[in-house]
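Reviewing the structure listed below.
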Amino acid sequence: DRAAAYGMRLAAPAGSSTRFDPGCAAEVGLVPIGGARTVIGFAGLVDGPLDAPGARVQALRRASARGYLGAPAPQGPPAPPGPSGAGA
Numbered sequence: 055d056r057a058a059a060y061g062m063r064l065a066a067p068a069g070s071s072t073r074f075d076p077g078c079a080a081e082v083g084l085v086p087i088g089g090a091r092t093v094i095g096f097a098g099l100v101d102g103p104l105d106a107p108g109a110r111v112q113a114l115r116r117a118s119a120r121g122y123l124g125a126p127a128p129q130g131p132p133a134p135p136g137p138s139g140a141g142a
């Protein structure tokens, strides 16, 4: 559920590993991303402050438009292009 997991990361200690096998369901713990809550990367879905006005909605629209599983279908006007130039 991408909407519920927005702004979160796996609750795993640094240096540890978690294996996710294809086709297998797994329950994982999540914790909020800390610090300045600015993320860079994430396939261009966010690339900036997580808590900026509209950032969550735009990221979920981009994920849906790019075919990510678990992303809600876009509603309303399309999201503007992201910082990398990749639009929704």
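Under the working numbering, the letters of the sequence shown match residues 55 to 142, in that order.
Idealized CB from N, CA, C, for every residue including glycine.
Boundaries of the beta strand (DSSP E) around Leu64: Met62 to Leu64. For Pro86, the CB contacts under 7 Å within the same chain, skipping 5 residues up- and downstream, are Gly61 and Met62 in chain order. If you draw a straight line from the Cα of Ala117 to the Cα of Val82, it comes to about 21 Å. Spanning the alpha carbons of Phe74 and Arg120 requires a straight line of approximately 22 Å. Residue Ala113 holds the alpha-carbon nearest to the alpha-carbon of Gly98 among Pro107, Ala90, Ala113 and Ala59.
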